[in-house]
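Going down the list, the protein sequences come from chains F and C.
If you count the first sequence from 1, position 120 lands on 120 in the UniProt record's numbering, and the numbers rise without skipping.
If you count the second sequence from 1, position 147 lands on 147 in the UniProt record's numbering, and the numbers rise without skipping.
First the structure, in the form of structure tokens, and then the observations on it.
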Amino acid sequence: MPPDQVRLGRKRPVPSCPNPLFLQWLTELRDHAKEKGLKTQYVYQKAINSLKKYPLPLKNGKEAKILQNFGDGICKILDERLQKHCLENGSNAPILLATSCNKRIMAEPCKHTPGVSNGHKKQPQKEVQKKNKTKKKREYVPLKRSGGYAALLTLYRHAQMPGSKGFMFRNELQTEAQPLCDKSFTVPDLGSKYTAWSSVSTLIQKDLLVKTHSPARYSLTEHGLALAEKLDSEERVIDKGPVEDKSEEESSGDGADVVDLTLEEEEDDKAVKESCSRRYQTLEMGRRAMSWHLLPGSYDIVLCVDFIETTGGSSARKQELVKELQRNGVTFDVRKLNVGDFLWVAREKVTPVPGQLRPPVGKELVLDHIIERKRMDDLCGSIIDGRFREQKFRLKRCGLRKPIYLVEECGSTAAHLSLPESTLQQAIVNTQVVDGFFVKRVQDVKESTAYLTIMTRYLQKLYQNCTLFCRSRELEGYGEYEVPQTENHSCSLMSFTEFNHGAIKNKCQTVREVFARQLMQISGVSGDKAAAILELYGTVSSLLKAYDQCSSETEKEKLLSSIKYGKLKRNLGPALSRTIYQLYCTHGPLS
Amino acid sequence: MMTIPESHTVIQVPLDDFVTMINNFCKKQSDGVLSESGISLTSWIRVLMSKNPGRTVSMVVIDIEKYFKSQNSKCQKKYREAVLGEEKDAGLEGGQKKRRKKDDIKQLPNVSRVQVEEALVDLQLHTGVQVRFLSTWKDFTDFITMSTKSVAEAPFKRERENTGFTFCLESEWSGGHKVDRAGNGLLQVWKRQIQQLNRVSPDMASAILSVYPSPQILVQAYARCKTEQEKVGLLADMLIRRGEGVTSTTRRVGPELSKRLYLLMTSSDAQQPLDSTV
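Okay, structure coming up:
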């Protein structure tokens with residue numbers, strides 16, 4: 001089904017009648033009879049009622065005989081009409097689509113859903129429908145305090161701020177929009193996997209929002225801007241008293257003094273200014289929501305174990321890990337980590353709320369230490385299939401500044417490994433020297449657990465008197481590692497949600513990224529060469545255009561040869577230039 | 001000729017010193033204060049590092065197992081003696097007494113494996129310094145050899161990764177595909193290019209390849225389409241043969257992949273995201 005025929009309220013459009021042509025013809029016949037005042041109109045009407053109840057498509061009039069009120073007469077008429085229809089439109093004309101039949105309808109664009117071509121409402125519809133004219137769609141207005149509402153309003157207000165960058169990152173948008181929304185952007189309700197964030201895809205579909213770049217940036221379209229402006233003015237009109245209180249409650253323990261200031265501001269301002277400051281207040285609340293902190297004593301340091309470490313494979317050994325940790329009295333939590341096998345979070349202590357089963361979700365910051373555990377046979381396999389480099393690459397980019405490689409040697413010297421021991425040892429040394437990882441060697445799972453136990457205890461002690469500030473990598477970029485010494489009472493860390501989302505493996509690709517990977521499929525094209533080509537031709541189509549603009553084949557062949565790449569600014573060379581030319585300019589099949 | 005020292009540094013710590021420092025650390029832990037002027041591992045390293053800024057330090061200790069074994073046998077001996085009583089030692093085991101004396105001279109404090117681990121974690125969290133335990137001097141020379149090789153190759157490898165791309169190609173990539181002067185091999189390249197999109201299997205790529213055996217052919221097919229919708233859905237209904245014989249199945253390429261490929265080949269916006277997920 002063409003995508004622009006989706007109606008409100010349903011994900012998939014349901015055809016209102018599987019036999020629109022028959023319905024249409026019968027209706028015409030009925031109407032003709034009605035005009036003439038004939039009693040046959042009732043005959044046709046009975047047939048129509050019967051047909052409407054039938055859910056399957058009928059191939060011809062004869063098949064329709066099975067229905068009640070369809071006698072020989074009507075079936076014959078339908079068959080005749082069908083024959084005429086096929087003659088007019090070719091024998092393969094689809095009988096399910098009524099658009100080609102009626103001449104009046106032919107003049108219109110294909111926006112009708114099948115079965116409603118002649119304007120009769122078969123089912124009660126939400127759209128206002130005028131006979132044989134394009135539907136007037138009911139304008140979309142998001143429900144107040146819904147995800148879509150909050151997102152639009154936040155983006156609008158963000159863009160209005162002086163010096164705004166015009167777009168927002170995912171985490172940023174989620175955090176700043178949350179105070180305006182009743183549903184959580186991050187935690188789905190019980191029994192569902194959807195959060196308020198899911199409505200953002202609806203906004204994109206409705207052309208109110210665009211998502212560009214990777215990491216994703218969200219900004220309003222013109223259409224969205226107009227709608228958001230209306231939402232904003234509506235909100236300003238209404239008394240924001242109760243909303244204010246809510247946002248006060250939601251702002252984390254910043255201290256009463258912060259909130260008081262804004263209240264004072266309010267009292268001083270006049271009515272006009274008041275509404276302005278209120279608008280900024282919500283934004284400021286959002287901003288403060290991003291820059292929250294945890295006071296010492298208000299959080300626990302908890303070890304997070306990737307759930308894959310506890311299941312699958314030789315489950316006996318993996319369960320041992322969990323049991324050992326329990327025996328050692330380690331506070332830990334098993335969850336899905338998108339990168340790494342073990343890490344630590346500072347989790348806000350929360351008390352259960354009476355009347356709710358699940359305690360409120362405590363805020364979490366992730367500590368900079370992240371562990372990748374590798375048994376010697378794993379290491380061997382991952383070096384061979386290339387995962388080793390990729391995993392290290394992802395660990396380096398995840399935003400945590402202290403990666404650790406935990407290698408379990410488990411007496412593997414004689415083990416039946418595919419690579420010689422010296423190769424494996426060299427790989428481990430490389431990880432330490434070249435990649436800068438901390439390498440911890442142990443003998444077996446028990447020693448691994450011992451290490452995890454001791455690390456957890458020491459980290460807990462280390463962060464005892466530390467105030468932790470939330471730092472957003474989206475907005476503030478990478479920072480320096482800070483050791484929480486007793487002298488240094490504060491640290492800034494990334495939030496767990498931002499971290500885990502940022503580390504997802506198969507993230508959305510951009511044209512640029514895939515084009516680069518494609519170029520590297522040619523032997524001889526390395527990362528730096530591809531980067532150099534992309535400086536000039538960021539997309540496939542721009543490269544093709546450049547080729548088109550060349551005046552000769554020789555020129556095309558040489559187009560890329562003098563591109564400079566790498567530290568030493570060497571030439572790409574005529575050979576590679578020629579190969580790429582052959583790839584993209586050969587009009588016939590490649591070999 | 002000027003020599004610039006590399007930052008990577010290996011310090012070999014004699015076993016005795018190592019154990020002593022660990023012991024000092026344990027004392028510090030339990031007493032809260034260092035009773036003697038004993039220095040712990042962490043503080044020693046800290047002093048070293050402050051005197052040698054710009055150096056990345058890592059430590060090696062040789063044959064700590066010997067220490068643990070001797071500790072074990074010492075404990076066992078003491079236990080035996082305690083059980084069997086002191087009378088036996090007085091007369092007959094003169095020789096043993098002498099041996100014991102020798103032990104006393106080289107008396108090392110008793111630290112357990114767990115205590116060593118704790119000191120190492122303390123060292124890690126405060127200084128980031130790693131400790132490698134090796135069994136023999138031969139292992140030590142091997143280790144130095146490997147470290148030398150790593151240090152030598154490090155700049156080249158680091159530069160290689162510095163492409164500014166957010167991805168690492170290593171997973172399924174065994175190097176690029178070779179292409180000769182005549183252009184043979186490009187078909188394989190084109191096939192692999194199609195597979196660079198997420199979630200494209202070799203079968204899907206083969207199916208697309210069979211109808212569009214070059215990028216130009218695909219681009220021209222797009223150009224021949226009359227509407228954008230047509231272009232977006234151009235490949236959606238293409239069938240993919242999966243498997244052989246009785247277990248073979250047929251699947252479509254699908255509208256989602258069709259759209260992604262369309263965007264890839266025709267978009268002029270390098271930052272255009274291909275997936276439609278939020």
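For each residue, glycine too, the CB sits at the ideal point set by N, CA and C.
As the structure is a computational prediction, the values presented were derived from the model and not from experiment.
| Query | Result |
| --- | --- |
| Pop quiz: F496(F) and L365(F) are said to be a contact at Cβ under 8 Å. What is the actual Cβ separation, rounded to whole angstroms? | 7 Å |
| What residue ranges within the stretch 123-203 of chain C form continuous alpha helix (DSSP H) runs of no fewer than 4 residues, ordered along the chain? | 137-161 and 186-194 |
| Indicate whether the contact test is met: 3 or more Cβ pairs, each with one atom in the stretch 214-223 of chain C and one in the stretch 144-162 of chain C, closer than 8 Å. | no |
| Closest by CA to L321(F), which one among W292(F), V445(F) and I384(F)? | V445(F) |
| Would you list the one or two residues that DSSP bridges to Q12(C)? | V60(C) |
| So V442(F) packs on E408(F), CB below 8 Å; how close in whole Å? | 6 Å |
| I'd like the list of long-range same chain contacts for H120(F), defined as Cβ closer than 8 Å, with 5 residues on each side in sequence excluded. | Reliability of the predicted coordinates at H120(F) is poor, the pLDDT of 42 falling under 50, and the value obtained from them is presented with this limitation in mind. These residues qualify, in order along the chain: T27. |
| Taking the CB atoms as reference points, tell me whether S541(F) and M204(C) lie closer together than 8 Å. | no |
| Tell whether a beta-carbon distance below 8 Å holds between I522(F) and V179(C). | yes |
| Between the stretch 459-476 of chain F and the stretch 189-197 of chain C, do at least 3 Cβ pairs fall closer than 8 Å? | no |
| Could you check whether the Cβ of Q178(F) sits closer than 8 Å to any Cβ belonging to chain C? | no |
| Could you check if K336(F) is buried or exposed, using at least 16 other CB atoms within 10 Å of its CB as the buried criterion? | exposed |
| Starting from D528(F), trace the alpha helix (DSSP H) in both directions and tell me its first and last residue. | G527 to L536 |
| Spatial neighbours of E264(F) within its chain, please: CB distance less than 7 Å, with the 5 preceding and 5 following residues excluded, ordered by chain position. | Unreliable positioning characterises E264(F) in this predicted model, as indicated by a pLDDT of 38, which lies under 50. The coordinate reading is nonetheless provided below. Around E264(F): no qualifying Cβ. |
| Need the endpoints of the alpha helix (DSSP H) that Y451(F) sits in, please. | V445 to L462 |
| Have a look at K567(F) and A228(F) and give me their C-alpha separation to the nearest angstrom. | 47 Å |
| Once the 5 residues before and after D245(F) are set aside, which same chain residues still bring their CB inside 7 Å of it? | Because D245(F) carries a pLDDT of 40, less than 50, the predicted location of this residue cannot be relied on, and no value is offered for it. |
| Using DSSP's beta-bridge definition, name the partner residues of M168(F). | Y218(F) |
| In the DSSP output, what is F469(F) paired with across the bridge? | H293(F) and S492(F) |
| Using a Cβ-Cβ distance cut-off of 8 Å, determine whether Q124(C) contacts chain F. | yes |
| Please tell me whether L303(F) and T423(F) are closer than 8 Å, where the distance is taken between their beta carbons. | no |
| With a threshold of 16 other CB atoms inside 10 Å of the CB of S30(C), please say whether the residue is buried or exposed. | exposed |
| In chain C, which residues lie less than 8 Å from P403(F) when you measure between Cβ atoms? | The premise fails here: P403(F) is roughly 11 Å from chain C at the closest Cβ pair, so nothing lies under 8 Å. |
| Note down, in chain order, every chain C residue with its Cβ under 7 Å from the Cβ of M455(F). | V121 |
| Below 8 Å on C-beta distance, what does W190(C) contact in chain F? | L583 and L590 |
| Listing by chain order, which chain C residues have their CB less than 8 Å from the CB of G399(F)? | The contacting residues do not exist; G399(F) stays about 13 Å from chain C at best. |
| Grab me the residues of S112(C)'s own chain with a C-beta within less than 7 Å of its C-beta, minus the 5 sequence neighbours each way, in chain order. | none |
| In chain C, what lies closer than 8 Å to R327(F) by C-beta? | By Cβ distance, chain C contributes nothing, its closest Cβ being about 14 Å from R327(F), past 8 Å. |
| Tell me which residues of the stretch 58-69 of chain C have at least one Cβ-Cβ distance to chain F shorter than 8 Å, keeping chain order. | S58 |
| Check whether the stretch 20-28 of chain C touches the stretch 61-77 of chain C, taking contact to mean three or more Cβ pairs, one atom from each stretch, closer than 8 Å. | no |
| Label W137(C) either buried or exposed according to how many other C-beta atoms from any shown protein chain fall within 10 Å of its C-beta, with 16 as the threshold for buried. | exposed |
| What does the Cβ neighbour count give for P209(F), buried or exposed, with the cut at 16 atoms within 10 Å? | Note on residue identity: the sequence assigns Leu, not Pro, to residue 209(F). L209(F) should be labelled buried. |
| Which whole-angstrom value is the C-beta distance of W197(F) and G147(F), which I expect to be below 8 Å? | 6 Å |
| Ordered along the chain, which non-local residues of its own chain (more than five positions away) have a Cβ less than 7 Å from that of T202(F)? | G148 |
| Mind checking whether S135(C) and V429(F) have CB atoms under 8 Å apart? | no |
| Quick check on DSSP: helix, strand or coil for Q271(C)? | coil |
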